[in-house]
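Chains as they are written, first to last, in my numbering: chain E, 123 to 341; chain R, 123 to 341.
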């Protein structure tokens, strides 16, 4: 998926261009940041995404300015970022974070095929909570009409990953200050029932055991 | 800070334009997503930020393509997003997330004054971990030279916030499915000492009690 435009120039040893790495980061990230240009001004908007194969879908109201702009075949960028920890070095200069990110460039394509649109809506719901789609009411024809779905083909993308402890200047290792990594994780708290929910309906297992990403499942 | 370009058009009741709301979201978010245009292509890059008063700073290597482009007085967008929870409705259509985001538009300005540059580097370090700057080695003249610092003035910005339970269609409330919110929080795990750290140096209190945001401090 590597092209000159997505080649990682800064710290190239952190770069990855393989499909498995890029897929895993896209799938774990809950939201993406979608970039597009309108009247010479770049806009970056957070929005839900979902991947099916080599397409990354976003959606929104058919009435939205962003979606309307993007269906005109313009260049876009989808970026996702996972924060894994704070890297505390002995010098201010070498402080960093551990993260995994993907930058995807492309021309947005509107989804017009009804079957693909429904598959994408299924993917958005299950991207939030795997298995949720089967438990809830499916979209009505009016809801489908009110929703625009777009995708970027996963053709021109790169990942960037930082892992591990701080890297300090050799003379700083003798300093008497704590150094290392403070791991961070997006963790689920106790489910909060809708005030109108029947008290007899318990939260399903996909909520009480909720986690994001394969790495989290192991711990 | 409201202008026509940042006015929230979709679901305007979620919008906020006041300084206190915008500051709090910017300060709690660990990273921002920085948008800029290069050769007609929008790029969205995750990077650390820090706010001092009404300036939002970003930094990077003086050799970076992104920073070089941004010092040429081009339009940029800084977006931060905090994820607060999954909103599980009774219909697929009404699924959402609870979030707080800020979109800031502006022309990036390079910081050339050495005192402002040092203050910004101090702010980046303490944005990661409040109090950290005082414990670590300050930047050398070479490190300062190797770092470019830019800011966007906090003049044209909007926040968007969703809170609370799902909002379902009236006829769906009778469905026999769990609905509500699964709160999510970026939580610190146990600090991992650098393998080269002297075993006698314990993690400081700002790590063992680490949290992001005033709201998290209360719980």
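Here a beta-carbon is modelled for each residue, glycine too, at the ideal position from N, C-alpha and C.
All values derive from a computational prediction rather than experimental measurement.
Asked, Found
"Using DSSP bridges, identify the partner residues of residue 283 of chain R.", "R/222"
"Here's a check: name, in chain order, each residue in its chain whose Cβ is nearer than 7 Å to the Cβ of residue 192 of chain E, leaving out the five neighbours to either side.", "158, 198, 230, 272"
"How many angstroms separate the CA atom of residue 341 of chain E from the CA atom of residue 236 of chain R?", "Here the model assigns residue 341 of chain E a pLDDT of 35, short of 50, so the residue's position is not dependable and the matter cannot be decided."
"Give every residue of the same chain whose Cβ lies closer than 7 Å to the Cβ of residue 337 of chain E, excluding the five residues on either side of it in the sequence, and list them in chain order.", "Low per-residue confidence applies at residue 337 of chain E: pLDDT is 47, beneath 50, and the placement is therefore not dependable enough to give any value."
"Nearest by alpha-carbon distance to residue 214 of chain R: which of R/141, R/299, R/150, R/160 is it?", "R/299"
"Once you ignore the five residues that flank residue 170 of chain E on each side, which residues in its own chain have a CB closer than 8 Å to its CB?", "152, 153, 154, 180, 181, 246, 249, 250"
"Alpha carbons only, please: which of E/218, E/282, E/234, E/302 is nearest the one belonging to residue 201 of chain E?", "E/282"
"Give me whichever residues DSSP pairs with residue 314 of chain R in a beta bridge.", "E/303"
"Just the Cα atoms here: how many angstroms apart are residue 160 of chain E and residue 290 of chain E?", "42 Å"
"Restricting to Cα atoms, I'd like to know which of E/232, E/307, E/279 is closest to residue 196 of chain E.", "E/232"
"If the criterion is Cβ atoms closer than 9 Å, does the pair residue 226 of chain E and residue 276 of chain E meet it?", "yes"
"Answer yes or no: does any C-beta atom of chain R fall closer than 9 Å to that of residue 247 of chain E?", "yes"
"Using the three-state DSSP reduction, which class does residue 256 of chain E fall into: helix, strand or coil?", "helix"
"May I ask you to list the residues that DSSP assigns as paired with residue 197 of chain E?", "E/229"
"Where are the beta strand (DSSP E) runs, 3 residues long or more, that stay fully inside the stretch 152 to 218 of chain R, in chain order?", "153 to 160, 163 to 174, 177 to 183, 197 to 210"
"By alpha-carbon positions, which one of R/302, R/330, R/309 ends up nearest to residue 150 of chain R?", "R/309"
"Reducing DSSP to helix, strand and coil, say where residue 264 of chain E ends up.", "helix"
"Rounded to the nearest angstrom, what separates residue 173 of chain E and residue 242 of chain E at their Cα positions?", "8 Å"
"Is the beta carbon of residue 212 of chain R sitting closer than 9 Å to the one on residue 285 of chain E?", "no"
"What is the DSSP secondary structure of residue 295 of chain E, reduced to helix, strand or coil?", "helix"
"Sorted by chain position, which residues of the same chain lie with C-beta nearer than 6 Å to residue 144 of chain E's C-beta, five sequence neighbours on each side aside?", "224, 279, 281"
"Taking the DSSP output, what are the residues bridged to residue 269 of chain E?", "E/183"
"So, is residue 324 of chain R buried or exposed, given that buried needs 16 or more other C-beta atoms within 10 angstroms?", "exposed"
"How should residue 312 of chain R be labelled, buried or exposed, when 16 other C-beta atoms within 10 angstroms of its C-beta is the threshold for buried?", "exposed"
"If we ignore side chains and look at the alpha-carbon of each, how far apart do residue 126 of chain R and residue 318 of chain R end up?", "53 Å"
"Put residue 329 of chain R into one of helix, strand or coil per three-state DSSP.", "helix"
"Within a Cβ cutoff of 8 Å, which residues of the same chain sit near residue 339 of chain R, ignoring the five residues on either side of it in sequence?", "Model confidence at residue 339 of chain R stands at a pLDDT of 40, short of 50, so the residue's coordinates are unreliable and nothing is read from them."
"Who are the Cβ neighbours of residue 269 of chain E in its own chain at under 8 Å, not counting the five residues just before and after it?", "181, 182, 183, 184, 239, 243, 261"
"What are the residues in the stretch 143 to 157 of chain E lying within 8 Å of chain R by C-beta distance?", "152, 153, 155, 156, 157"
"For residue 314 of chain E and chain R, any beta-carbon pair shorter than 9 Å?", "yes"
"In chain R, which residues lie with their C-beta within 8 Å of the C-beta of residue 212 of chain E?", "258, 259"
"Could you tell me whether any Cβ in chain E is nearer than 9 Å to the Cβ of residue 205 of chain R?", "yes"
"Less than 8 Å between the CB atoms is what I'm expecting for residue 288 of chain E and residue 210 of chain E, so what's the real figure, rounded?", "6 Å"
"Would you please verify whether the beta carbon of residue 197 of chain E is less than 9 Å from any beta carbon of chain R?", "yes"
"Determine the chain E residues that contact residue 167 of chain R at a beta-carbon separation under 8 Å, and present them in chain order.", "201, 225"
"According to the neighbour-count rule (16 or more other Cβ atoms, all chains shown, within 10 Å of its Cβ), is residue 148 of chain R buried or exposed?", "buried"
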